[in-house]
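Going by this note's numbering, the first residue of the sequence shown is number 1, and it counts up by one from there.
Glycine is no exception: its CB is placed at the ideal position from the N, C-alpha and C atoms.
No experiment lies behind these values; they were computed from the predicted model shown.
Note sheet for the following structure.
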Amino acid sequence: MNNKPKVAIFASGSGSNFQVIMDASKAGDLHAEIVAVVTDKPQAYVVERATAADVSVIAFNPKEFSSKADYEAAILKELQQLEVEWIVLAGYMRLIGETILDAFPHKIVNIHPSLLPSFPGKDAIGQALAHGVKVTGVTVHYVDAGMDTGKILAQQAIEIVDLDREQTEQRIHAVEHELYTKTLQQLWSR
Ligand code: GRF
């Protein structure tokens with residue numbers, strides 16, 4: 001098989017998806033080398049996870065840059081130094097801008113906790129519960145300039161009848177962990 005693609009994971013929160021992807025790559029179940037975690041939130045728990053896994057952390061505060069382009073250029077420089085080839089978004093709470101999109105054409109993927117195109121953007125789980133839907137799910141998709149609008153790679157539906165928020169979140173996270181790893185395996189074994 002080819003050399004393992006070098007991957008950076010972008011995350012702003014707990015990083016449970018990072019952990020599962022990292023573990024799969026260390027176990028040899030995922031044909032990829034996770035070389036960096038990029039975060040806009042240096043206090044996020046994902047930073048601890050990355051440090052424990054011996055993965056480089058790239059942390060910049062967007063507020064310290066005069067524009068999104070400058071913020072992304074700083075990230076890009078680090079990614080290029082590490083020869084990163086793919087970007088995996090896992091709870092990164094910002095839209096990717098032109099600077100990074102142009103440098104990684106068709107090489108950025110995201111996971112979203114709904115069946116897109118339903119409930120894009122923030123708090124997809126809350127949106128689904130507020131609408132009283134009986135079925136929601138998880139989507140893995142390529143990233144384009146829109147909000148959760150890129151080409152869909154994989155989806156899985158989840159029935160949430162009679163589940164409260166916590167139970168719904170748990171169900172969604174469990175499906176995310178499986179679906180993300182499986183979809184990335186398929187993407188990188190081509
Ligand atoms: C996931 O629900 C993902 O779909 C969304 O953000 C959440 C990240 O969770 N984009 P975690 O930080 O990986 O635990």
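{"Check": "Distance cut-off 8 Å: F18 Cβ against heavy atoms of the ligand GRF", "Outcome": "yes"}
{"Check": "Option in N3, D164, S118 and V175 with minimal Cα separation from M147", "Outcome": "S118"}
{"Check": "Three-state class that DSSP yields for K63 in the structure shown", "Outcome": "helix"}
{"Check": "Other residues of its chain near L101: CB distance less than 8 Å, five sequence neighbours each side excluded", "Outcome": "I108, V143, D144 and A145"}
{"Check": "One or two residues paired with H141 in a DSSP bridge", "Outcome": "N110 and I152"}
{"Check": "Helix, strand or coil at I21 according to DSSP, with G and I counted as helix", "Outcome": "helix"}
{"Check": "Sequence-distant residues of its chain with Cβ nearer than 7 Å to E72 (five each side left out)", "Outcome": "G97, T99 and I100"}
{"Check": "Endpoints, the alpha helix (DSSP H) within which L187 is located", "Outcome": "R165 to W188"}
{"Check": "Contact set for Q156: own chain, Cβ-Cβ below 7 Å, skip 5 residues either direction", "Outcome": "G137, V138, V175 and L179"}
{"Check": "V57 and A36 closer than 9 Å at C-beta", "Outcome": "yes"}
{"Check": "Pairwise C-alpha distance: V161 and E85", "Outcome": "40 Å"}
{"Check": "Check whether T149 and L116 have beta carbons under 9 Å apart", "Outcome": "yes"}
{"Check": "For V7, the three-state DSSP class (helix, strand or coil)", "Outcome": "strand"}
{"Check": "Three-state secondary structure assigned by DSSP to A124", "Outcome": "helix"}
{"Check": "DSSP-derived helix/strand/coil call for S16", "Outcome": "helix"}
{"Check": "Buried/exposed call for H131, threshold 16 Cβ in 10 Å", "Outcome": "exposed"}
{"Check": "Stretch pair the stretch 17-31 + the stretch 74-91: three plus CB contacts closer than 8 Å", "Outcome": "yes"}
{"Check": "I96 in three-state terms, based on DSSP", "Outcome": "coil"}
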